[in-house]
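For reference, the structure is listed below as structure tokens.
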Amino acid sequence: MNDEKLISFAADSRNVRVSGRSIYENDIRYLSYTNSFIEFEFTGSYACAEIISDLTPSEDIYRAWAGVCVNGETVPSKIFKLDEKKAVYELYRADKPEKVKLRLMKLSEAAFAKMGVSEIRIDGTLLPAPKPLSERRIEFVGDSITCGYGIDGIWNKDVFSTETENPIKGYAYKTALKCGAEFQYVSWSGMGVYSSWVDENAEKPLDDWLVHDIYPYTDSPLEKSMGKIGHEEHTKWDFKSYVPQVIVFNMGTNDQSWTKHIKERCDTFCEKYYAFLEMLREKNPGAFIICTYGIMGTDLLEEEISCTERFKREHDDRIKYVPLPIQLESDGIGADWHPSEKSHEKMAEILAPEVNAVFESLGL
Numbered sequence: 043m044n045d046e047k048l049i050s051f052a053a054d055s056r057n058v059r060v061s062g063r064s065i066y067e068n069d070i071r072y073l074s075y076t077n078s079f080i081e082f083e084f085t086g087s088y089a090c091a092e093i094i095s096d097l098t099p100s101e102d103i104y105r106a107w108a109g110v111c112v113n114g115e116t117v118p119s120k121i122f123k124l125d126e127k128k129a130v131y132e133l134y135r136a137d138k139p140e141k142v143k144l145r146l147m148k149l150s151e152a153a154f155a156k157m158g159v160s161e162i163r164i165d166g167t168l169l170p171a172p173k174p175l176s177e178r179r180i181e182f183v184g185d186s187i188t189c190g191y192g193i194d195g196i197w198n199k200d201v202f203s204t205e206t207e208n209p210i211k212g213y214a215y216k217t218a219l220k221c222g223a224e225f226q227y228v229s230w231s232g233m234g235v236y237s238s239w240v241d242e243n244a245e246k247p248l249d250d251w252l253v254h255d256i257y258p259y260t261d262s263p264l265e266k267s268m269g270k271i272g273h274e275e276h277t278k279w280d281f282k283s284y285v286p287q288v289i290v291f292n293m294g295t296n297d298q299s300w301t302k303h304i305k306e307r308c309d310t311f312c313e314k315y316y317a318f319l320e321m322l323r324e325k326n327p328g329a330f331i332i333c334t335y336g337i338m339g340t341d342l343l344e345e346e347i348s349c350t351e352r353f354k355r356e357h358d359d360r361i362k363y364v365p366l367p368i369q370l371e372s373d374g375i376g377a378d379w380h381p382s383e384k385s386h387e388k389m390a391e392i393l394a395p396e397v398n399a400v401f402e403s404l405g406l
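Its first residue numbered 43, the sequence shown is counted upward by one per residue in the working numbering.
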């Protein structure tokens, strides 16, 4: 394609629809969180994007991955790795001009390499940015399970890589599709409420980077990587810009690596879990909160149920606990003992009716 014939534009909100928490700085649209995306519509036969990414750490297993959905596809028809600091990637090509809607998604999670869209180029006419297709909105808050960690890997054969991380096959995306809902993620592998994941010989919790440290901000980790070290420099998330009717909160799997049924630790976990429920309610006063957990272990199930019941007594009843069954080896196990797509499908089959019931009660 002759670049001289292409029309270029920035991925700002005048030109594209933005889904997910996203920083726009120096004309670059940063997509960090799982399944965040930009979407645009044009009449033409070709589109590409100039995308930047950080290559630190240098290992190939941490590269960012992106996908392109064409004209409402729910599974990307094109998936590619960002293996250069700046490069132009083809998004779409056809034999003849037509009206096309493209969704460019960040598939790998925020904990690893970043993705910044610095320019989009098309060979035709840019149309007004698409509107959301549904009034239903879900937010998923979680850890590696929510990110889709290891789904395309095999237990005892593969270890983590962003290539085997596939949120399109994950329970969150499947639940959103089953409910016909818009979605956004705030999820991070290894993250906990009281302690992030620690090995069995740990002598203290890993509590320097927990969910309550990222939730109030648009993309605190990205801004830290830009040299804005303290939270006082970070952009606070505008909770009015995306108002979910349902929040699915799935955490505890990493905390159990530290709590180990020790009463004092479990009590502290309860305090931290309950405090985060209060943060969710403060930031989302109208949302129904669905707490869930259990696919990789149920050590903290009683504690989480207890916190949910306490929240009902002390705050409101717009909250529910939905336990999940532990994954079965017969359903396949992904990399690092993470759930397979079949296990994620089972999770979605449990959660989707609960989420749908909330939407239906609201007349949506």
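Ideal Cβ placement from N, Cα and C applies to all residues, glycine included.
- prompt: Quick one: Cα of E274 to Cα of Y66, how far?
  reply: Here residue 274 refers to the residue found at position 232 when the sequence shown is read from its first residue. Here residue 66 refers to the residue found at position 24 when the sequence shown is read from its first residue. Near 18 Å, if we compare the C-alpha coordinates of Y66 and E274.
message: The alpha helix (DSSP H) that contains F202, what's its start and end?
response: Locating residue 202 in the sequence shown gives position 160, where the first residue counts as 1. No alpha helix (DSSP H) contains F202, which DSSP labels as neither H nor E.
- request: Determine, using beta carbons only, whether E81 comes closer than 9 Å to chain D.
  value: In the displayed structure, chain D is absent; only one protein chain is listed.
field: CB of A329 within 9 Å of CB of L322, strictly
entry: Position 287 of the sequence shown holds residue 329. Position 280 of the sequence shown holds residue 322. Yes, these two residues count as a Cβ contact at 9 Å.
field: Beta-bridge pairing of V159 - partner residues as DSSP gives them
entry: Counted from its first residue, the sequence shown places residue 159 at position 117. V159 is bridged to R71, I93.
P263 in three-state terms, based on DSSP: For the purposes of this step, residue 263 is identified with residue 221 of the sequence shown, where counting begins at 1. Here P263 sits in helix by DSSP.
field: From D249, I392, S87, I304, residue whose alpha carbon lies closest to that of T167
entry: Within the sequence shown, the letter at position 125 stands for residue 167. Comparing Cα positions, the closest option is S87.
- request: Can you tell me the Cβ-Cβ gap for V130 and S119, rounded? I've got them flagged as a contact below 8 Å.
  value: Taking the sequence shown and counting its residues from 1, the one referred to as residue 130 is at position 88. Taking the sequence shown and counting its residues from 1, the one referred to as residue 119 is at position 77. Going by Cβ atoms, the distance from V130 to S119 rounds to 19 Å, so no, they are not a contact pair.
Inter-residue spacing [alpha-carbon to alpha-carbon] between K362 and C333: By 1-based counting over the sequence shown, the position of residue 362 is 320. By 1-based counting over the sequence shown, the position of residue 333 is 291. When rounded, the distance between both Cα atoms is 6 Å.
- prompt: From what residue to what residue does the beta strand (DSSP E) around A106 run?
  reply: One-based indexing of the sequence shown puts residue 106 at position 64. Note, A106: beta strand (DSSP E), 106–112.
- prompt: Buried or exposed: which applies to H254, given that a residue is buried once 16 or more other Cβ atoms fall within 10 Å of its Cβ?
  reply: Indexing the sequence shown from 1 puts residue 254 at position 212. It counts as exposed.
task: For D194, I'd like the list of residues in its chain whose CB is within less than 6 Å of its CB, leaving aside the five on either flank, ordered along the chain.
output: Within the sequence shown, numbered from 1, the residue matching residue 194 stands at position 152. Excluding positions up to five away in sequence, the list reads T206, N208.
Whole runs of the alpha helix (DSSP H) within the region 167–254, excluding any shorter than 4 residues: 186–189, 213–221
Burial state of G184 (16 or more Cβ within 10 Å): In the sequence shown, counting from the first residue as 1, residue 184 sits at position 142. Burial call: buried.
task: Let me know the secondary structure DSSP gives F122 once reduced to three states.
output: Here residue 122 refers to the residue found at position 80 of the sequence shown. Looking at F122 - three-state DSSP - the assignment turns out to be strand.
query: Using 8 Å as the threshold, is the region 389–399 in touch with the region 207–224, meaning 3 or more CB pairs across them?
result: yes
message: Within the continuous beta strand (DSSP E) that includes T334, where are the two ends?
response: As a position in the sequence shown, residue 334 is number 292, starting the count at 1. Run containing T334: 330–335, per the beta strand (DSSP E) assignment.
- prompt: Taking the alpha-carbon positions, what's the W239 to M233 distance?
  reply: On the sequence shown, residue 239 is found 197 positions in, with the first residue counted as 1. On the sequence shown, residue 233 is found 191 positions in, with the first residue counted as 1. So the alpha carbons of these two residues sit roughly 7 Å apart.
message: Within a Cβ cutoff of 7 Å, which residues of the same chain sit near M389, ignoring the five residues on either side of it in sequence?
response: Residue numbering aside, residue 389 sits at position 347 when the sequence shown is read from its first letter. The answer, listed in chain order, is Y213, I337, L366.
Cutoff 6 Å; reference R360; Cβ partners in own chain excluding five residues on either side: As a working mapping, residue 360 is identified with position 318 in the sequence shown. Excluding residues within five positions, the ones whose Cβ falls inside 6 Å are F330.
task: Determine, using beta-carbon pairs with one atom in the region 258–272 and one in the region 302–312, whether at least three such pairs fall under 8 Å.
output: no
- prompt: Roughly how many whole angstroms lie between the Cα atoms of K278 and N68?
  reply: Walking along the sequence shown from the start, residue 278 turns up at place 236. Walking along the sequence shown from the start, residue 68 turns up at place 26. So the alpha carbons of these two residues sit roughly 18 Å apart.
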